[in-house]
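Here is the structure we will look at.
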Amino acid sequence: MLDKPRLGLPTADIVIKEVALLPTYLPSVAALKEAVKKARDWNLRREVLKKLE
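Residue numbers for the sequence shown follow this note's numbering, so the first one is -4 and each next one is one higher.
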């Protein structure tokens, strides 16, 4: 089985911005936005913990 390639955060940001130009609602984009938000939150937490070590 081949895994789907994963998007990096910068690529996901570009996809979100481009899709925002479309005159329609896409549920998968809403899920992508939420995933990007959570990933950024986790990265921020990781950086804070890294600085505390």
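Beta carbons are placed, not taken as given, at the ideal position from N, Cα and C, and that holds for glycine.
As the structure is a computational prediction, the values presented were derived from the model and not from experiment.
Residue state for Lys(-1) is assigned as coil, using DSSP reduced to three classes. Put simply, of Pro0, Lys(-1), Asp(-2), Ile11 the residue whose alpha carbon is nearest the alpha carbon of Ala30 is Ile11.
Contact annotation: Ala34 and Leu4 have beta-carbon atoms nearer than 7 Å. The three-state secondary structure of Thr6, taken from DSSP, is helix.
For Leu39, the enclosing alpha helix (DSSP H) covers residues 22 to 47.
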